Amino acid sequence: MTELHDKVVWITGASGGIGEALAYGAAARGARVVLTARRSAELERVRAACPDPSRVAVLPADLEQIDDAQALADRAQAFFGPVDVLVNNAGLSQRTTALETSLASYRRLFEIDFFAPVALTRALLPAMAARGSGHVVVVSSVFGKIAMARRTGYAAAKHALHGYFDCTRIELGDRGVRFTLACPGFVSTAISLNALGPEGRAWGTVDSDIGQGMTPAACAERIWQAVERDRYEVVIAGRERVAVWFKRFLPLRWYTAFARRLKVS
79 MTELHDKVVW
89 ITGASGGIGE
99 ALAYGAAARG
109 ARVVLTARRS
119 AELERVRAAC
129 PDPSRVAVLP
139 ADLEQIDDAQ
149 ALADRAQAFF
159 GPVDVLVNNA
169 GLSQRTTALE
179 TSLASYRRLF
189 EIDFFAPVAL
199 TRALLPAMAA
209 RGSGHVVVVS
219 SVFGKIAMAR
229 RTGYAAAKHA
239 LHGYFDCTRI
249 ELGDRGVRFT
259 LACPGFVSTA
269 ISLNALGPEG
279 RAWGTVDSDI
289 GQGMTPAACA
299 ERIWQAVERD
309 RYEVVIAGRE
319 RVAVWFKRFL
329 PLRWYTAFAR
339 RLKVS
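79 is the number of the first residue of the sequence shown in our numbering; add one for each residue after it.
What follows is the structure in structure tokens.
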């Protein structure tokens, strides 16, 4: 069981949405928290709203432009000591079909949604394995388990995360390092506003399913509960949870027909 009290927790994508809610949840549990995202002012806002801001540090960084993940990890650990829990939450979605999506957009999606969490995890794993403790949390998505139109790059990157961490868990699970893959469904955040649209521009629209989704606070609480119980994978979703079940058990043509009818905006 992973206890957060007095642990050092590093959260990426912490300036809003699920990441912000995760920060409040970790701070409320008595953790010392390092917040990372691009927007310094928003990180400072989140820090100030935590129960004890003196136990929260701000580390601005653009995870699309990680030149030296080890240096960034070292800076994160300079605040409170070795990171006990890494939360890879930062992410970028899309709203274009395969025919509309440029290779540049696919590369950008993979840089943020796959390579950044892998790079930060690799920077911390050796020390975690050496001391026989540590927990890596990955905020994936139900689209790491199912398919939907206009999500080709996003779903591909999330599926890649599952493959990477499935294998890494097998390699390091007996060395005291724990992993949790959280797969949220529709959560009321700005993810669709910032998603890549045509020509790589921001989509700029709040999708109806996103706007009516669960609150970030509710999602974050479910994630922390999964971490505390050492659950490897948890799907956090409402009615969209059924799509995961359909993908697993329905014949392919039935699932394909179902997926084509899913709302995409």
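Where is the CB? At the ideal position from N, CA and C, for every residue including glycine. On a predicted model such as this, the values are computed, not experimentally measured, just so you know.
request  = Count the C-beta pairs between the region 155 to 164 and the region 94 to 113 that are closer than 8 angstroms, then say yes if the count reaches three, no if not.
outcome  = yes
key: Among Ala280, Ala296, Glu249, His237, the one whose alpha carbon lies nearest that of Val265   = Ala296
task = Can you tell me which of the three DSSP states Gly94 falls into?
result = coil
message = In this structure, how does DSSP classify Ile314 when only helix, strand and coil are distinguished?
response = strand
ask   = Can you name the start and end residues of the beta strand (DSSP E) that Pro262 belongs to?
value = 255 to 262
query = Looking at C-beta atoms only, is the number of pairs between the region 120 to 137 and the region 194 to 214 that lie closer than 8 angstroms three or more?
reply = No, because fewer than three Cβ pairs between the region 120 to 137 and the region 194 to 214 fall closer than 8 angstroms, the two stretches do not touch.
task = Would you please state the rounded distance, in angstroms, between the beta carbons of Lys236 and Val322? I believe it to be under 8 angstroms.
result = Actually they do not touch by this definition, with Cβ atoms about 13 angstroms apart.
message = Am I right that Pro262 and Ile314 are in contact with their C-beta atoms under 8 angstroms? What's the rounded C-beta distance?
response = 5 angstroms
task = Ignore the nearest five residues each way along the sequence and tell me which others in Ala207's own chain have a CB closer than 8 angstroms to its CB.
result = Leu250, Arg253, Gly254, Val255
key: CA nearest to the CA of Lys85, picked from Val161, Leu328, Leu203   = Val161
query = What are the boundary residues of the beta strand (DSSP E) that includes Thr175?
reply = From DSSP, Thr175 is part of no beta strand (DSSP E); its letter is neither H nor E.
query = To which residues of the same chain is Ser343 closer than 6 angstroms at the C-beta, ignoring the five residues directly before and after it?
reply = Reliability of the predicted coordinates at Ser343 is poor, the pLDDT of 38 falling under 50, and the value obtained from them is presented with this limitation in mind. Here the set comprises Asp285.
message = If I measure Cβ to Cβ from Gly316 and keep anything under 8 angstroms in the same chain, skipping five residues before and after, which residues do I get?
response = Answer for Gly316: Gly263, Phe264, Gly291, Met292, listed in chain order.
query = Who are the near neighbours of Glu178 in its chain, counting only those whose CB is closer than 7 angstroms to its CB and skipping five residues on each side?
reply = Pro276
task = State yes or no: is the C-beta of Thr334 within less than 8 angstroms of the C-beta of Pro294?
result = Cβ distance not < 8 angstroms, so Thr334 and Pro294 don't count as in contact.
query = Whose C-beta lies closer than 7 angstroms to the C-beta of Leu141 among residues of the same chain, with five residues either side of it excluded?
reply = Excluding residues within five positions, the ones whose Cβ falls inside 7 angstroms are Thr90, Ala168, Ile190, Ala194.
inquiry  = Ignoring anything shorter than 3 residues, give me the beta strand (DSSP E) runs that lie fully in the region 93 to 162, in order along the chain.
reply    = 110 to 114, 134 to 136
inquiry  = Alpha carbons only, please: which of Arg125, Leu100, Pro129 is nearest the one belonging to Val165?
reply    = Cα-wise, what sits closest to Val165 is Leu100.
key: Val322 - containing alpha helix (DSSP H), residue span   = Val322 -> alpha helix (DSSP H) spans 319 to 327.
query = When burial is assigned at 16 or more other CB atoms within 10 Å of the CB, is Trp88 buried or exposed?
reply = buried
message = If you follow the beta strand (DSSP E) that His213 is in, where does it begin and where does it stop?
response = 212 to 217
inquiry  = Please list the terminal residues of the continuous alpha helix (DSSP H) segment that includes Glu299.
reply    = 294 to 306
message = Tell me the rounded alpha-carbon separation between Thr246 and Ala106.
response = 30 angstroms
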